[in-house]
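Engineer: First, the structure itself, so that you have it in front of you.
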Amino acid sequence: MLIIFTIKILRLKKMFDTGHLHPMIVHFPIALTMVGAMLETVRFFFGKSDPKKLSSGELLLYFATASALLALLTGFLFTSTLSGKALEVRNLHVLFAIMTTVSLLATSFFYLLVRFKKQAGKTFRFVGLLFYIVSALLTGAAGYMGGTLVYTYMIGI
2 MLIIFTIKIL
12 RLKKMFDTGH
22 LHPMIVHFPI
32 ALTMVGAMLE
42 TVRFFFGKSD
52 PKKLSSGELL
62 LYFATASALL
72 ALLTGFLFTS
82 TLSGKALEVR
92 NLHVLFAIMT
102 TVSLLATSFF
112 YLLVRFKKQA
122 GKTFRFVGLL
132 FYIVSALLTG
142 AAGYMGGTLV
152 YTYMIGI
């Protein structure tokens, strides 16, 4: 199934310039992660914990995770090869992008685990918030490296 999907994507690449897909998609995990982490921080300090209700920050986390996976996939499939200093920056960008995606997956898994185990204590909420903040910091680092590629090395322009 994955092979058929990859073949169809590669055929699609020949039909139109797919190099624009990655830049279009990357803004979603950045915005969703940052806003979600802020909402969860506010909820932790000022909100009430109700394990039956899905918080806005938690919902944004799941969307951020899905969009990060999509951004990582489009980055691997549809970006051009580089050389020199731009390649070094790209490698750093890829490293942070992978770390971001893994961190978001781990954070989502933790939130789901807490939800299904019905553990809404302050300690669990604090650990989840720490995971979320780490994910937001990694997202910022990956975004900074991506922006450096675009604006310093004029990649994609």
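The numbering used here numbers the first residue of the sequence shown as 2 and each following residue consecutively.
Where is the CB? At the ideal position from N, CA and C, for every residue including glycine.
Note that the structure is a prediction, hence the values are computed from the model and not measured.
#1: Taking C-alpha atoms, which residue in Gly147, Arg44 and Ile5 lies nearest to Phe97?
#2: Between the stretch 48-57 and the stretch 67-77, do at least 3 Cβ pairs fall closer than 8 Å?
#3: The alpha helix (DSSP H) spanning His23 covers which residue range?
#4: Let's test the definition: count the other Cβ atoms within 10 Å of the Cβ of Leu61 and tell me whether it reaches 16, buried, or not, exposed.
#5: Whole angstroms are fine: how far does the CA of Leu93 sit from the CA of Ile99?
#6: Can you check the stretch 83-130 for any beta strand (DSSP E) of at least 3 residues that lies completely inside it and give the ranges in chain order?
Structural biologist: Straight from the coordinates:
#1: Gly147
#2: no
#3: Here the alpha helix (DSSP H) through His23 covers Leu22 to Ile26.
#4: buried
#5: 10 Å
#6: Correct list: empty.
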